[in-house]
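Student: Those letters in the sequence shown? Residues -19 to 467, per the numbering used here, in order.
To start, I am sharing the structure in question, which I have written as structure tokens.
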Amino acid sequence: MKRMIVWMLALTLVVALTACGGKQAPDAPAQSASSVQSGENNQGEEPQEKPAAEPQKGGTLTVVTDKPGEVTEQTEGIRGGTNQNDAVLLPLNTRMKGKATREGGLWYAFTTGAAENATYKVTYVNQTVGTGPLSVQIYDAYGEKTHDLYGAAPCAEQDGKAATIGLELPPMTTYYVYIWSKEGDSIEYSLVIRDPEEQKTGYSTAERVAESVGAESGQEITAGTNQDDGGMVPLEVQLSGKVSNKQGQWYAFTTNSVENAVYDLTAVNMTPGTEEVKFWVYDQYGERAFDPYGSPLCAKQDGKAVTQSMKLLPDTTYYIHVKEPRGDSVEYTFQLHGPEEPSAPETALVFETPFELNSTQVMFQAESDVFSDKEAAKEAMKPVAEVILAHPDHKILLAGTTATDGSQQARVDLSNRRAAAVKELLVSTFGVPEDQLLTIGLGFDADPFVRGKDRDANGKFVESEGRKNRRVVVMDVDDPIAQELLK
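If you want it as structure tokens, here you go:
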């Protein structure tokens, strides 16, 4: 009997120590990648899961879908957790939109890839003018900070510039992102977790129509209030603007394919008697493209042009921040000069980069070509239709792809039917000529585009990555990629 009592006391002590003791690693996110709902009813490639719970307090997260400044809000977003255990797993290399409120912060999670010693970058933008800072911290499974253990992560301020945390992380490990409004304001924001060292095994696609099509001379350009919604500016075209009341404005431009090229930004202050207008250029991470620790380009009221030269990466989007800091109303001009392309194609493409309508933009019912939300699909396709209608002489290919679930033959059939459904909606809703659109189903095995890693090292399906592969890619029939597919 004594031995039994001693044994029971020891067992009780072990249980107590386990419950209260040191580094007991928490489980993976309670809402795993295969069970998180994003309104698309799992898009059809995987077994259906239970419906998502009611939205958590603090806001939702949805993928940015359209032109800068035109975000399609879904009826159901990816819902942030209220604690680390119910953090929602996010896909890598996909820019999301969320909202922090006075109710408190939100928790998200991401899992690193298979590469050793890879550097991951968590980038976030405060999209709400007149608010306090947006703060982010990254934790491991034990609740310990992964960066600057005794300091603070950079805040995303209301000026709209991106803030970025860079992390060198081990492979196949889950980390947790806590994001909150530092002063309790209601803040709309974007969040993207990038793996810059990831080896791309396919052609790139664009998630925004403006970046896919590029900027054209003569089009109306609207300045944005933050880095995400800056109006796209063409090279070699002078732009006129007006800034006042200490407000900032944002534009964007994309470099061409020339390697090691130098670009010039030339600006003029056209309003005498005012303070100077300041110009900064940033990359996607919020890092300055010139003189990281020095002054911006300043155009003074004397009307003299000023120029800043920058050595920029090819085929890369950069962001211009224009600000008048004193409260004056100032008219200005600026122009971007760059090198000429070595040789332009004989036939210009409408979609310079193939544009993808992924499962967070155009959602289908499971194993079906029926839209989960037809009105949301129309909103997502509206800017695509406008571009196609503006180029009636260009035939367009709609190529469907799927996640890696089921047989390739079945996925080809499903992706072809979904591409055909997108075509039918473009024709019936927006009046796109039927003979201008071709469709093809690629499934997963014949998908030539950069894909989400929807299978982990053990072959288990990763739902958050699978969403990236359920898409219809829009491109010119004359694009060499389309020609390769049509063979």
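Glycine included, every Cβ here is placed at the ideal spot set by N, Cα and C.
Bear in mind the structure is a predicted one, so any value in this text is a computation, not a measurement.
Nearest to residue 77 by alpha carbon, out of 462, 376, 341?
Tutor: 341
Student: Starting from residue 393, trace the alpha helix (DSSP H) both ways and give me its first and last residue.
Tutor: Looking at the DSSP string, the run of the alpha helix (DSSP H) that includes residue 393 is 388 to 410.
Student: What are the boundary residues of the beta strand (DSSP E) that includes residue 170?
Tutor: 167 to 174
Student: With a 10 Å radius around its C-beta and 16 neighbouring C-beta atoms as the bar for buried, classify residue 269 as buried or exposed.
Tutor: For residue 269, the number of other beta carbons within 10 angstroms of its own is at least 16, and it is reported as buried.
Student: Pick out whichever of 91, 335, 314, 166 has its Cα sitting closest to the Cα of residue 214.
Tutor: Across the set 91, 335, 314, 166, the C-alpha of 314 shows the shortest separation from the C-alpha of residue 214.
Student: Find the nearest neighbour of residue 134 within the set 367, 101, 368, 110, judged by alpha-carbon distance.
Tutor: 101
Student: Measuring CB to CB, does residue 151 end up less than 8 Å from residue 241?
Tutor: no
Student: How would you write the range of the alpha helix (DSSP H) that residue 444 sits in, first residue to last?
Tutor: 443 to 449
Student: Measuring CB atoms only, is the segment 158 to 168 touching the segment 107 to 118, in the sense that at least three cross pairs come out at less than 8 Å?
Tutor: Touching, yes.
Student: Decide if residue 306 is buried, meaning its Cβ has at least 16 other Cβ atoms within 10 Å, or exposed.
Tutor: Here residue 306 is exposed, its C-beta having fewer than 16 other C-beta atoms within 10 Å.
Student: Give me, in chain order, the residues of the same chain whose beta-carbon lies closer than 6 Å to that of residue 285; leave out the 5 immediate sequence neighbours on both sides.
Tutor: 246, 248
Student: Starting from residue 193, trace the alpha helix (DSSP H) both ways and give me its first and last residue.
Tutor: 189 to 193
Student: Taking the runs of the alpha helix (DSSP H) that are 4 residues or longer, which of them lie wholly in the segment 338 to 384?
Tutor: Fully enclosed alpha helix (DSSP H) runs of 4 or longer: 354 to 369.
Student: Excluding sequence positions up to five away, which residues of its chain have a Cβ less than 6 Å from the Cβ of residue 424?
Tutor: 382, 384, 391
Student: With a CB to CB cut of under 8 Å and the five nearest residues on each side skipped, what residues in its chain are close to residue 63?
Tutor: 87
Student: Under 8 Å, with one C-beta from each stretch per pair, do the segment 368 to 383 and the segment 395 to 408 reach the 3-pair mark?
Tutor: Yes, the segment 368 to 383 is in contact with the segment 395 to 408.
Student: Indicate the three-state DSSP secondary structure (helix, strand or coil) for residue 463 in the structure shown.
Tutor: helix
Student: If residue 103 sits next to residue 144, beta carbons under 8 Å apart, how far is it from one beta carbon to the other, in whole angstroms?
Tutor: 5 Å
Student: Taking just the CA atoms, how far does residue 458 sit from residue 333?
Tutor: Roughly 12 Å between the two C-alpha positions.
Student: Closer than 6 Å by C-beta to residue 172: which residues in its own chain qualify, once you throw out the five before and the five after it? Chain order, please.
Tutor: 75, 103
Student: Measuring only the C-alpha atoms, how far is residue 260 from residue 276?
Tutor: Taking the straight line joining both Cα atoms gives about 5 Å.
Student: Which first and last residues belong to the beta strand (DSSP E) in which residue 79 is found?
Tutor: Bounds of the beta strand (DSSP E) holding residue 79 are 76 to 80.
Student: Please work out which residues of its chain come closer than 6 Å, Cβ to Cβ, to residue 308, disregarding the five sequence neighbours upstream and downstream, and give them in chain order.
Tutor: 254, 255
Student: Going by alpha carbons, who is nearest to residue 293 out of 310, 373, 321, 263?
Tutor: 263
Student: For residue 348, which option in 316, 141, 399 has the closest C-alpha, if you only look at C-alpha atoms?
Tutor: 399
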